[in-house]
Amino acid sequence: MTSALLALAQIISDNVRDIDNVYTQHGLSYPTLNEPNSRSEFPWENDSSLLEKKKLIIAAAAQLIATVHSPVDILKQAAASAYMTAAVGFAADIGLANVLKDVDREGMHINSIAAITNIDVDNLRRVLRYLTTRHIFRELSEDVFVNNNVSSLLVGGAAHNGNDKDSLTRYDDAPVLAHVSLYADEGFHSAVALSPFLRKRDISTTVATPFNMVYKTDLSLFEWFNQPENAWRARRFAAAMTGNAKRFPDHIISDGIGMQSLAPGDVIVDVGGGVGSATLQLYKSFPHQRYIVQDLEEPIRAARKYWNKHAPEALVGDSVKLQVQSFFDPQPAIGAKVYFLRIVTHDWNDTEVRSILANLRAVADKETKLVLFETITRCSCVTSQDQVPYPLLGNLGVGGAGVDTAVNLHMLSLLTGRERTESDFRNLGLQTGWILQKINPGILASISYLPAQV
Ligand SMILES: C[S@@+](CC[C@H](N)C(=O)[O-])C[C@H]1O[C@@H](n2cnc3c(N)ncnc32)[C@H](O)[C@@H]1O
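Numbering follows full-length UniProt numbering, with no gaps: position 163 of the sequence shown is 163.
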């Protein structure tokens, strides 16, 4: 039998060769890490077999590293990975990628970066060396830094001019910067309390999450965002969520809803839609439907700006309506053809999700469809249904579930939510009058239901 080590190397080399061939056939070389991430993607780069091959390479490479690395070093690096959050969060805070944006070819000396950002030069160098060692930014020559393919995604947002972190619109149009900043701020602080929270023995405590412990509030994260002093945080969160439009190919939403089978004028409600980036994807391909995007106050305020920028005409007629509406209140859009929720139910515990789904069931027609877009969680070991190449994990490790397993802990730290299994989704439907019809698996699964007939 081939050794695990050789099998992993084989998976990497086979899939790398296949991917390289695809790019060659299109007259391209695979983008290097060194080039700033500026070219737009080609539709064929979202081809599912290509994405699958990338997942296998990542899964095998991570497992190869874990196999050959010293176990002590793996544990020490795992324990020290807080510095990754801290370092990348710091880079986002000081707008480092923006500082380097216009000097991509020749780079900028550390002394100039320090002068512009007003950070001690030696400390700045230490952080940058940490990041460049992990392929975020690049050290072109000693002490001269540039953006690379990864760090250039942090470009954007309002120009850095000192302590402007709390300006309301700083993160608008900068989804990756917003996401990184969110993880490194509320996420990081809450994660610090995860172990004390999980180990707490006093079951009389009413503290719902590590977030509540750290921020000393009884409010849920979204209620807390809704406080006037946190409006900028709500806005940053809304900006972060617009990145989902890029992360998940358009067809996931349209196939999951079954847009082709709808008639013109059918109403589609994007519940907890943020700024409505999923609806914008739909609207561009299916402009003859009517859409309602519902969310809380600040996200809907951000949504107005977002739609005025991307599709102002949609707000003029009745194609797209932006509506402040809590999904815990009775649903005013009665008998819509489709209600969909993208990455919403994972924010809430089962009781809360039941309340959201029951409010939608109360206004559903016989043919109303409910579609959830969520990640489906699973075990990491290989099961009898899996067809993963030896010796990979059943969920492809960080290649398949790296983000999802992190998000699951993020939900545990900040909210009462969780990632769920297929049977969790089936049961939540049954408990609220919805029969699960179909699951389309993928990086974002669609889970569709029809009303149970009474
Ligand atoms: C993880 S985000 C997903 C946003 C959007 N569906 C997307 O995919 O980009 C969850 C959304 O739920 C919204 N939300 C939280 N509590 C809500 C409530 N009670 N009613 C309506 N929306 C709410 C948040 O403001 C946020 O926009």
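Yeah, the Cβ is synthetic: ideal placement off N, Cα and C, and Gly gets one too. Quick caveat, the model's predicted, so the values are computed rather than measured.
Three or more C-beta pairs closer than 8 Å, one from the region 283-295 and one from the region 321-334: is that the case here? Yes, they touch.
Identify whether residue 364 lies in helix, strand or coil by the three-state DSSP scheme. Looking at residue 364 - three-state DSSP - the assignment turns out to be coil, as it is neither helix nor strand.
With 16 as the cutoff for other CB atoms within 10 Å, does residue 161 come out buried or exposed? Bear in mind that a pLDDT of 49 at residue 161, under 50, signals an unreliable position, so the model cannot answer this.
Within the present structure, is the beta-carbon of residue 247 separated from the nearest heavy atom of ligand 1 by less than 7 Å? Residue 247 Cβ: outside cutoff for every heavy atom of ligand 1.
Based on DSSP bridge pairs, tell me the residues matched to residue 374. 445.
Please return the same chain residues whose Cβ sits closer than 6 Å to the Cβ of residue 300, not counting the five positions on each side in sequence. If we look at residue 300 and ignore the five residues flanking it on each side, its Cβ neighbours are 322 and 324.
Quick one: is the Cβ of residue 278 within less than 7 Å of any heavy atom of ligand 1? Within the cutoff, so yes.
Enclosing beta strand (DSSP E) for residue 295 [first to last residue]: Membership of residue 295 in the beta strand (DSSP E) is indicated by the continuous run 290-295.
With DSSP run on the structure shown, which of helix, strand or coil describes residue 434? Residue 434: strand per DSSP, three-state reduction.
In three-state terms, what does DSSP make of residue 439? In the structure shown, residue 439 sits in a strand (DSSP, three-state: E or B).
Tell me whether residue 230, by its Cβ, gets closer than 7 Å to a heavy atom of ligand 1. Taken from the Cβ of residue 230, every heavy atom of ligand 1 lies 7 Å or farther away.
Burial state of residue 366 (16 or more Cβ within 10 Å): So residue 366 counts as exposed.
Residue 358 versus 433, 63 and 195, residue with shortest Cα-Cα distance: Selected option, being the one with the closest Cα: 433.
For residue 91, which residues of its own chain have a beta-carbon under 6 Å away from its beta-carbon, when the five flanking residues on both sides are left out? Within the same chain, and ignoring the five residues on either side of residue 91 in sequence, no residue has its Cβ closer than 6 Å to its Cβ.
Residue from 112, 20 and 41 whose Cα sits closest to the Cα of residue 29: Taking residue 29 as reference, the option from 112, 20 and 41 with the minimal CA-CA separation is 20.
Where residue 16 falls: helix, strand or coil (DSSP): Helix at residue 16.
From residue 420 to residue 446, what distance separates their C-alpha atoms? Looking at the two C-alpha atoms, the distance is approximately 13 Å.
Between the region 399-413 and the region 179-199, are three or more C-beta pairs nearer than 8 Å? The region 399-413, when compared against the region 179-199, does touch it at the 8 Å Cβ threshold.
Counted within 10 angstroms of its Cβ, other Cβ atoms place residue 53 as buried (16 or more) or exposed: Buried: at least 16 other Cβ atoms inside 10 Å.
Does the beta-carbon of residue 374 have 16 or more other beta-carbons within 10 angstroms, so that it is buried, or is it exposed? Buried is the call here.
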